[in-house]
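The next block holds one structure in the form of structure tokens; read it before the comments.
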Amino acid sequence: MNAEQAGYQAIDRICDYHVTLRDRPVLSQVEPGYLRKALPSSAPTEGEDFQLIADDYQKYIIPGLTHWQHPSFFAYFPTSSTFEGILAELYASSTSNPGFNWSVSPACTELEAVVMDWIAQLLGLDESFYNISEVGGGIIQTSASESVLVATVAARSRYIREHPQVAMEKLVLYTTTQTHSLGKKAGLVLGLKVRALGVTAQDDFALRGDTLKVALEEDMNAGFHPFILIGTVGTTSSGAVDRLDEIADVAKHYPFLWLHVDAAWAGVAFVCPEYREAYQLPAINSYVDSFCTSFYKWGLIQFDGSCLWVRHRKHLTDALDVTPEFLRSKHGNAGTAIDYRNWQLGLGKRFRSLKFWFVLRARGVKGLQKYISDCIKLNTKFAQSIYESELFSVVTKPSLAMTVFRLAPKSLPQLRTSELNTLNRAFYARLAARNDIAITQTDLNGVFCIRMVIGAEQTLESDVERVLALTKYEAMILLKNQWEGIGGRRGRKTDVVPFHSH
0 MNAEQAGYQA IDRICDYHVT LRDRPVLSQV EPGYLRKALP SSAPTEGEDF QLIADDYQKY
60 IIPGLTHWQH PSFFAYFPTS STFEGILAEL YASSTSNPGF NWSVSPACTE LEAVVMDWIA
120 QLLGLDESFY NISEVGGGII QTSASESVLV ATVAARSRYI REHPQVAMEK LVLYTTTQTH
180 SLGKKAGLVL GLKVRALGVT AQDDFALRGD TLKVALEEDM NAGFHPFILI GTVGTTSSGA
240 VDRLDEIADV AKHYPFLWLH VDAAWAGVAF VCPEYREAYQ LPAINSYVDS FCTSFYKWGL
300 IQFDGSCLWV RHRKHLTDAL DVTPEFLRSK HGNAGTAIDY RNWQLGLGKR FRSLKFWFVL
360 RARGVKGLQK YISDCIKLNT KFAQSIYESE LFSVVTKPSL AMTVFRLAPK SLPQLRTSEL
420 NTLNRAFYAR LAARNDIAIT QTDLNGVFCI RMVIGAEQTL ESDVERVLAL TKYEAMILLK
480 NQWEGIGGRR GRKTDVVPFH SH
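Residue numbers for the sequence shown follow numbering that gives the first Met the number 0, beginning at 0 and rising by one.
Next comes the structure, spelled out in structure tokens:
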């Protein structure tokens, strides 16, 4: 097989893969170590025919994939894969530009600066975050975790410059008990003390301004130095939105505190103006120092690609600018072009902006808005069915395309939280054992529950209805099998109806 034939075949097989997603199991059924057993123990001495390599991809690799774009994938977070993005990745990889400064490939840097301004405008961000402002600006990082790490490095650098007498071990990074693990990992990587501020179900698991104020006073009185707070719009576990308006009102009295907002999943919803106020965009625009959202989650862009904006780019370059002689260039020295290596942890960077450019042009603002709105509408229908159910209850109010629920039969109102948790662990184990659905669990302040997140572009209303039927079926089988053991109590039984997968 020659290169031209291999290229055509690859595109055909990629298209076939996406067309047949609905017919595949969502979850891989292989066991750990399956691939090592199937492959030779060393690389071939002589090159092999590419047809054999391509066929082995189908034979060995595809069965080991979890199909995140499957219409019945409702776990973790949405992750996009679009034809436009695939082609952009192909074009980008064909040139392999390291992108560490403007001169090595001007288009890579300039397209990223332009596209980040397009997206800032699309989301309704304040113009102070635009690259064209030459004060703030945006950069594409690998993931939200890296965006948080970069923001934390910049915040720490700023604080130490302004407070040179402070010992590093006295610095404190604030998260909440619902912040993604990226906050804790940033502290681990940088050797920082991390304090998780408590949130409550009564506040829909959102951080309130009063909680922040109490923590600041406690730590400062104890001789510690809080220097950054990682707030969240759309927490992983519950979809909670921290009260950034209240937080900003408190932070104004503590100007040394850097506010970073992680909106990795939910921030993309700002493309729909009707969600901006409820999800705290006005507070983001008026006060926060940095903001990130990941278009590879809910923005039709392939992984990776997390958009990070800062209000003052100088804080990034002050912390991260390392320019030995061999990296100097005419335009970098003159300051007439952005050198993105000084806005990130690594030296080189991939040409990620190309897939943003392809997708945004192919779909347009209206196409992206429709996709987001369709996901939210499907989740609204799902949540309504849970509210009306005799078997399930909503744990916290639905957020955009996420619903968190648990098995809580109305016929068994006397079950304690511990008993419901045991019941729901068994219920989730049944769901997780299936290969025709992907859904994940979480714990909200001691309540074990199930997360349902809609985001696959191929998901239809019929797929959501099927999830409802499937969860009801598994719940009823569980209740029938464990009826005698649930807290030693009895209740009204419900007939079990067989569930047939499509």
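Ideal Cβ placement from N, Cα and C applies to all residues, glycine included.
Segment contact, 8 Å Cβ cut-off, at least three pairs: the segment 128-137 with the segment 159-173: no
N1, DSSP secondary structure in three states: coil
Pairwise C-alpha distance: Q68 and V25: 9 Å
As assigned by DSSP and simplified to three states, the class of D54: helix
H259 burial status per 10 Å Cβ neighbour count (16 or more: buried): buried
Cβ pair I371, V270 closer than 8 Å: yes
Where L346 falls, given that 16 or more other Cβ within 10 Å makes a residue buried: With a threshold of 16 other beta carbon atoms within 10 Å, L346 falls short and is exposed.
Inter-residue spacing [alpha-carbon to alpha-carbon] between V393 and P412: 15 Å
According to DSSP, residues forming a beta bridge with L20: BP columns for L20 are empty, so no partner.
When M401, L406 and F226 are compared against F391, the one with the closest alpha-carbon: L406
Buried or exposed (CB count within 10 angstroms, at least 16 for buried), A87: Using a 10 angstroms sphere on the CB of A87, the tally of other CB atoms reaches 16 or more, which defines it as buried.
7 Å Cβ shell around S142 - same chain, five flanking residues per side excluded: Its chain contains S293, D303 and S305 as the residues whose beta carbon lies nearer than 7 Å to that of S142, once the 5 sequence neighbours on both sides are disregarded; these appear in chain order.
Runs of alpha helix (DSSP H) lying entirely within the segment 252-333, each at least 4 residues, in chain order: Counting whole runs of 4 or more residues, the segment 252-333 contains the alpha helix (DSSP H) stretches 280-285, 294-297, 312-319 and 329-333.
Reference I61; option with closest CA among S27, A42 and I52: S27
Euclidean distance between Cα positions of L478 and L414: About 13 Å.
Nearest-angstrom Cβ-Cβ length linking G182 and V198, presumed shorter than 8 Å: The pair is not a contact, with the Cβ atoms about 13 Å apart (cut-off 8 Å).
Nearest-angstrom Cα separation, counted from R35 out to R433: 25 Å
Through-space distance from P225 to T458, alpha-carbon basis: 44 Å
A318 beta carbon less than 8 Å from that of A153: yes
Unbroken alpha helix (DSSP H) run spanning K348, endpoints: Annotation for K348: no alpha helix (DSSP H) segment contains it, and DSSP assigns it neither H nor E.
Cβ pair count under 8 Å reaching 3, the segment 89-98 against the segment 344-359: yes
D202 versus A431 - alpha carbon distance: 30 Å
Where the beta strand (DSSP E) containing D442 begins and where it ends: Element bounds for D442: T439 to L443.
Cβ-based neighbour list, E126, same chain, cut-off 7 Å, excluding 5 preceding and 5 following: S132.
Which listed residue (L38, W264, L64 and Q57) has its alpha carbon closest to that of S144: Of the listed residues, the one whose Cα sits closest to S144 is W264.
Straight-line gap, G135 to Q50 (C-alpha atoms, nearest Å): 49 Å
Nonlocal neighbours in the same chain, by C-beta distance under 8 Å from L196, ignoring five residues either side: Y173, T174, T175, T176, L206, T210, L211 and A214
T234, buried or exposed, once every other Cβ within 10 Å from all chains shown has been counted against 16: buried
M115 classed as buried or exposed, judged by whether at least 16 other C-beta atoms fall within 10 angstroms: buried
Same chain, Cβ closer than 7 Å to I13, neighbours up to 5 away in sequence not counted: I85
Length of the line joining the Cα atoms of G6 and P105: 28 Å
I52, buried or exposed, once every other Cβ within 10 Å from all chains shown has been counted against 16: Looking at its Cβ environment, which holds fewer than 16 other Cβ atoms inside 10 Å, I52 is exposed.
The beta strand (DSSP E) enclosing P225, as first and last residue numbers: H224 to T231
Assigned secondary structure, A468 (DSSP; H/G/I helix, E/B strand, else coil): Assignment of A468 by DSSP, reduced to helix, strand and coil, places it in the helix class.
Residue(s) in a DSSP beta bridge with F391: L406
Minimum length 3: unbroken beta strand (DSSP E) runs contained in the segment 152-220: 170-175 and 192-196
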